[in-house]
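J.: For the sequence shown, UniProt numbering gives the first residue as 1, with consecutive numbering after it. Here it is, the structure in full.
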Amino acid sequence: MEQTELRADPPSAVVRPVTPRQRAARAARNGGEPTLEFAERVPYDAYVRASTLHRLQQPLSDDPGEMSFLMVSQIMELYFGLTCHELREVRRLLRADRVWDASAPLRRAALHLEGLNAAWRGLRWMTPADFNRFRDLLGEGSGFQSAMYRHLEFLLGLRDPALIRPFRRQTEVHAELTAALAAPSVWDEVLALLARHGHELPDELLARDVSVEHEPHPAVEAAWVRIYAEPGPDNHLHLLGEALTEVAEQFGDWRHHHIKAVQRTMGAKVGSGGSAGLAWLQRSMARVVFPELWSARTAM
């Protein structure tokens, strides 16, 4: 199997700004045709690093289907990171009481999760026989070991300290996950926001250890019932609730698609990373993101 050598991007890979006037002058010189000659690296590649991205695939077998599995996994990793980027911004804005401003990164996060869900379609061709042609070569490698997915879970409020143990030998990654576990989740910031906006939440809820997963509380549910009783455009908390619900729903859809993909490719076999595979994933679905946003709907 041919392997491609990975090379770092050259230090000269610089994106040079262009003003609208320069852009118009260049178009006039080219007669409306795109520029075909550049003194240095093609600007698109300098910005996107496309040539680097396309050297990051290192299949372990000669099976042509493995490339789909590998690249879709990498695409999902990028979406995990992008969604985390948006949720960190949401958390920062909520902490600053900028409720309206937080809606933009929340909407983007929901759309990124929608793209993440669509990525599963690229693996719908894979049967157990297809997967088995290269599965053993993965060793104990498993999506369960994705550090960025753990960051995403922590930001959404799903907390399990045991899940950072696999990264103990990767000191930098482990330190980042430990810090993420100790930091408030988006939902923790939402609860603090509700309290600042006059909703009575108990002190033990607001001062809890955020490294421990939040347990649904009737006071939080009651707050959302009150918020949704006034659905006008000036009720920014209502709009926030709907944006959060969309994120939670898209994330729930991703977990569901994950289960269906596992069923399609390996049934109820033991997972590559040593878990119970399908059964473990099904149990994880019981942990709901932003739980009181869902339970409050019964009382509305």
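Virtual Cβ for every residue (Gly too), placed ideally from N, Cα, C.
Can you tell which of T178, L138, A261, A104 has its C-alpha closest to the C-alpha of L155?
T.: T178
J.: If A104 sits next to L94, beta carbons under 8 Å apart, how far is it from one beta carbon to the other, in whole angstroms?
T.: Not really, about 13 Å apart at Cβ, beyond 8 Å.
J.: Given a cut-off of 8 Å on the beta-carbon distance, is the pair L193 and A223 in contact?
T.: no
J.: Under the assumption that A243 contacts W120 (Cβ atoms under 8 Å), give the Cβ distance between them as a whole number of angstroms.
T.: Contact flag wrong, Cβ pair sits at about 23 Å.
J.: Using the beta-carbon count (16 or more within 10 Å), is N30 buried or exposed?
T.: exposed
J.: Comparing C-alpha positions only, which one of G157, L60, D203 sits nearest to G139?
T.: L60
J.: For L152, which residues from the same chain have a beta carbon less than 7 Å from its beta carbon, with the 5 sequence-adjacent residues on both sides left out?
T.: F80, T83, C84
J.: Could you give the distance in angstroms between the alpha-carbon of E66 and the alpha-carbon of R208?
T.: 45 Å
J.: Pull up the distance between the alpha-carbon of A96 and that of M285, whole angstroms please.
T.: 32 Å
J.: Would you tell me roughly how many angstroms separate the C-alpha atoms of V48 and L106, rounded to the nearest one?
T.: 24 Å
J.: Measure the C-alpha to C-alpha separation of P17 and R169 and round it to an integer number of angstroms.
T.: Distance between the alpha carbons of P17 and R169: 42 Å.
J.: Among A24, A39, M126, E89, which has the Cα closest to the Cα of G267?
T.: M126
J.: Apply the 10 Å Cβ neighbour rule to E204 and answer buried if 16 or more other Cβ atoms are within range, or exposed otherwise.
T.: exposed
J.: Classify L293 as buried or exposed, calling it buried when 16 or more other Cβ atoms lie within 10 Å of its own Cβ.
T.: buried
J.: Is Y44 buried or exposed, if buried means 16 or more other CB atoms sit within 10 Å of its CB?
T.: exposed
J.: For a quick check, are the C-beta atoms of A50 and V15 less than 8 Å apart?
T.: no
J.: Just the C-alpha distance for F290 and E189, rounded to the nearest angstrom, thanks.
T.: 12 Å
J.: Could you give the distance in angstroms between the alpha-carbon of F134 and the alpha-carbon of A296?
T.: 46 Å
J.: In angstroms with no decimal places, state the Cα-to-Cα distance between G232 and E114.
T.: 27 Å
J.: According to DSSP, is F131 helix, strand or coil?
T.: helix
J.: Hey, L158 and E213: beta-carbon distance below 8 Å or not?
T.: Taking 8 Å as the Cβ cut-off, L158 and E213 qualify as a contacting pair.
J.: Kindly indicate the opening and closing residues of the alpha helix (DSSP H) around H199.
T.: Counting along the chain, H199 falls outside any alpha helix (DSSP H), and DSSP gives it neither H nor E.
J.: Could you name the residues of the same chain whose beta carbon sits closer than 7 Å to that of P216, not counting the 5 residues immediately before and after it, in chain order?
T.: Cβ within range, chain order: P291, E292, S295.
J.: Counting C-beta neighbours from all protein chains within 10 Å, is the total for N132 16 or more, i.e. buried, or is it exposed?
T.: exposed
J.: Taking C-beta to C-beta, are V186 and A299 nearer than 8 Å?
T.: no
J.: Taking DSSP as the reference, what is the three-state secondary structure of Q145?
T.: Q145 sits in a helix when the DSSP states are folded into three classes.
J.: Which residues in the same chain have their Cβ closer than 7 Å to the Cβ of residue 310, if we skip the five residues on either side of it in sequence?
T.: Coverage of the chain is limited to positions 1 through 300, which leaves residue 310 absent and any answer about it impossible.
J.: State buried or exposed for R283, treating a residue as buried only when at least 16 other CB atoms are found within 10 Å of its CB.
T.: exposed
J.: In the DSSP assignment, find the alpha helix (DSSP H) that holds Q263 and state where it starts and stops.
T.: 236-266
J.: Please name the residue in D130, E33, A180 whose C-alpha comes closest to that of V210.
T.: Looking from the CA of V210, the closest CA among D130, E33, A180 belongs to A180.
J.: Looking at C-alpha atoms only, which residue of R88, G143, E86 is the closest neighbour of Q74?
T.: Ranking R88, G143, E86 by CA distance to the CA of Q74 puts G143 first.
J.: Does DSSP classify H217 as helix, strand or coil?
T.: coil
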